[in-house]
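See structure below.
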Amino acid sequence: MSLDDLMTDHKRWMKMAIREAEKAAESGEVPVGAIVVKDNQIIGRGHNQVERLTDATAHAEIIAITAACHTIESKWLEGCTLYVTLEPCPMCAGAIWLSRLKCVVYGAFDEKAGAASTLYNIPQDPRLNHYVDLISGVEEERCALLLTQFFANKRQKDER
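Here our numbering is used: the first residue of the sequence shown is 326, the next is one more, and so on.
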C-alpha cells in the first residue's frame with residue numbers, strides 16, 4: 326500500500342469520526358468524535374457525552390474504546406487504530422496506552438490539554454511498557470473548525 330493510499334484510508338476513517346463529532350455538537354456536547362478500526366471494520370464508536378451522562382470521563386475516546394473492547398470481547402485492542410477528531414487528553418491517552426491500541430490518528434491539536442504530542446506524549450513515553458504509533462493532523466482544518474464554530478455559537482448564546 327502506498328503512502329497516498331494510506332493517507333486516503335486515514336482521511337476516510339477520520340470522516341467517520343467527524344460524523345461522531347457532529348452528533349456530539351447536535352446534542353450540545355463539545356464536538357469530539359472517535360472510532361476504533363480493526364481489519365478494515367469499525368468495532369467501536371463514540372462521541373463526547375459528558376453533559377448528557379453528567380460524567381467527566383465520558384469522552385469520545387473512552388466510549389469508543391469501551392465499545393471496541395465489548396465488540397471483540399477483550400480488554401486489549403492490539404492491531405486496532407483509534408481515529409479521533411481532537412488530540413487525546415491525559416485521561417484518554419492513558420486509556421489508549423492501557424488498551425494497547427496499535428495506532429492513534431487524530432485531527433486537531435489541543436493546545437490546552439493535548440497528551441499525544443502538544444503538552445505530553447503519554448502514548449509514546451519510553452518509560453511505559455507499550456508504544457502507540459501516532460499520526461496527527463489528518464483532516465485537521467475540518468476538525469478544528471467544528472470546535473471553533475461550536476465555541477463561537479456557545480459564546481453568542483451566553484451573551485444573549
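The beta carbon of each residue, even a glycine, is placed where N, CA and C say it ideally should be.
By the neighbour-count criterion, in which 16 or more other beta carbons inside 10 Å mark a residue as buried, D364 falls on the exposed side. Distance check between Y456 and each of A441, C468, E466, V463 places A441 closest, using alpha-carbon atoms only. Here the alpha carbon of G432 sits roughly 21 Å from the alpha carbon of D450.
If you draw a 10 Å sphere on the C-beta of D435, you find 16 or more other C-beta atoms in it, and that means buried.
Under the three-state reduction of DSSP, Q374 is assigned to coil, being neither helix nor strand. It is roughly 18 Å from the alpha-carbon of W338 to the alpha-carbon of L470. In this structure, T406 lies near L426, with their beta-carbon atoms less than 9 Å apart.
Here DSSP, grouped into helix, strand and coil, assigns N365 to coil.
Counting other Cβ atoms within 10 Å of its Cβ, E484 stays below 16 and is therefore classed as exposed. Within the same chain, and ignoring the five residues on either side of P415 in sequence, the residues whose Cβ sits closer than 6 Å to its Cβ are A440.
Contiguous beta strand (DSSP E) elements confined to the region 443–469 occur at 458–461, taking only those with 3 or more residues.
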